[in-house]
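Student: Under the working numbering, the first residue of the sequence shown carries the number 87, and numbering increases by one thereafter.
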Amino acid sequence: MVKKQSSNKKFILLELLFYAALPYIIWKFGREPFGDYVAMLISTIPGFIYTIYRFILDKQFNITGLFILGSLVLGTTVNLLSGSAEQMIWNGVYLSLFYTFLYFVTLIIKRPFSLYFAVDFAYLQGHDRKHSRALFYQKGIFKWFQWIQVVFIIRGLFMAGLTVFLLKKYGIDGYGGMLIYKQIAGWIFSVLIMGMFFYINIPVRNFFAKQQSQLQDNNKEPIQQSNVIVD
């Protein structure tokens, strides 16, 4: 338990370093020699490297991993094609809204990404994907994955709105502060989402307890019938 907490603290510090601190430093000291756009592009490199590192470390060669890599490639391509620092920020907003729309569509068709992320995580713990998927679609469990998907949508809208607000208020000069604000907001949503994922363990345990109770009741019936025959 202590080792796990230490590991979590390590990853939090690494995220702060690669997603906020290093990009902020690169942006702060790279604007004058490179210009706004190039400095902003370079500032995304630490996050890119760290994401690849976590991808390999967590062995996410699955739907979750494909989603992460796809997002990374798409985001990098959009950044490279933006042409200016301000346009790069706006394109980030549009991309965020695109993902939000994708989350909304998968929510409506009842194929939430949150469920498939959970299936991948369960697989890494040694559980069969097919069995996990069937379990997570059970009544009383599935609705929680839908709620997590709703939080994904709210997060996407909030982060896009926050970016637009900060850009309009502070302009391109406020990009450094924007990184910090967005990282903090991202952590808040991450804590909420992780809490909901952990809570799903409760309805899962209730489901198995109910199944066990039904199995015991079914086993009692033949015994009761045999007693009646003996009497």
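Backbone N, C-alpha and C define an ideal beta-carbon position, used for all residues, glycine too.
One question on the structure: do Leu253 and Tyr110 come within less than 8 Å of each other, judged by their Cβ atoms?
Tutor: On the sequence shown, residue 253 is found 167 positions in, with the first residue counted as 1. On the sequence shown, residue 110 is found 24 positions in, with the first residue counted as 1. In this structure, Tyr110 does not lie closer than 8 Å to Leu253 by Cβ.
Student: When you compare the CB positions of Thr130 and Asn165, do they come within less than 8 Å of one another, or not?
Tutor: For the purposes of this step, residue 130 is taken as residue 44 along the sequence shown, with counting starting at 1. For the purposes of this step, residue 165 is taken as residue 79 along the sequence shown, with counting starting at 1. Result yes, Cβ atoms of Thr130 and Asn165 sit closer than 8 Å.
Student: One question on the structure: do Pro289 and Trp233 come within less than 8 Å of each other, judged by their Cβ atoms?
Tutor: Numbered from 1 along the sequence shown, position 203 holds the residue referred to as residue 289. Numbered from 1 along the sequence shown, position 147 holds the residue referred to as residue 233. The answer is no: Cβ separation not under 8 Å.
Student: Just to confirm before moving on: does the CB-CB distance between Ile239 and Phe199 stay below 8 Å?
Tutor: The residue you call residue 239 lines up with position 153 of the sequence shown. The residue you call residue 199 lines up with position 113 of the sequence shown. Not closer than 8 Å, so no.
Student: Among Ala208, Asn292, Leu108, Glu172, which residue has its Cα nearest to the Cα of Tyr256?
Tutor: For the purposes of this step, residue 256 is taken as residue 170 along the sequence shown, with counting starting at 1. Looking at the Cα atoms, Glu172 is the closest of the given residues.
Student: Assuming the contact rule is C-beta atoms closer than 8 Å, Leu160 and Leu181 should be a hit. Round their C-beta distance to whole Å, please.
Tutor: Within the sequence shown, numbered from 1, the residue matching residue 160 stands at position 74. Within the sequence shown, numbered from 1, the residue matching residue 181 stands at position 95. That belief holds up - the Cβ atoms of Leu160 and Leu181 are roughly 7 Å apart, short of 8 Å.
Student: DSSP on Tyr209, reduced to helix/strand/coil?
Tutor: Taking the first residue of the sequence shown as position 1, residue 209 is located at position 123. DSSP places Tyr209 in helix when its eight states are reduced to three.
Student: Does DSSP classify Pro109 as helix, strand or coil?
Tutor: Taking the first residue of the sequence shown as position 1, residue 109 is located at position 23. Looking at Pro109 - three-state DSSP - the assignment turns out to be helix.
Student: Go ahead and pull the three-state DSSP assignment for Ser170.
Tutor: Here residue 170 refers to the residue found at position 84 of the sequence shown. Of the three classes helix, strand and coil, the one that applies to Ser170 here is coil, per DSSP.
Student: Pair every Cβ in the region 276-288 with every Cβ in the region 115-127, then say whether three or more of these pairs are closer than 8 Å.
Tutor: The region 276-288, when compared against the region 115-127, does not touch it at the 8 Å Cβ threshold.
Student: Can you tell me the Cα-Cα spacing of Thr186 and Tyr105, whole angstroms?
Tutor: Position 100 of the sequence shown, counted from the first residue, corresponds to residue 186. Position 19 of the sequence shown, counted from the first residue, corresponds to residue 105. Approximately 21 Å between the Cα atoms of the pair.
Student: DSSP state of Asp214, grouped into three classes?
Tutor: To locate residue 214, count along the sequence shown from 1; it is residue 128. Asp214 falls in the coil class under three-state DSSP.
Student: Taking DSSP as the reference, what is the three-state secondary structure of Thr130?
Tutor: Taking the first residue of the sequence shown as 1, we reach residue 130 at position 44. Here Thr130 sits in coil by DSSP.
Student: Taking buried to mean at least 16 other C-beta atoms within 10 Å of its own C-beta, is Ile315 buried or exposed?
Tutor: Here residue 315 is taken as the residue at index 229 of the sequence shown, counted from 1. Annotation note: pLDDT 42 at Ile315 (below 50); position unreliable, coordinate value reported separately. Exposed: under 16 other Cβ atoms inside 10 Å.
Student: In angstroms, rounded to a whole number, what distance separates the CA positions of Ile286 and Ala204?
Tutor: To locate residue 286, count along the sequence shown from 1; it is residue 200. To locate residue 204, count along the sequence shown from 1; it is residue 118. Approximately 10 Å, taken between the alpha carbons.
Student: For Ile195, count the other beta carbons within 10 Å of its own beta carbon; 16 or more makes it buried, fewer makes it exposed. Which is it?
Tutor: By 1-based counting over the sequence shown, the position of residue 195 is 109. The residue is exposed, with fewer than 16 neighbouring Cβ atoms inside 10 Å.
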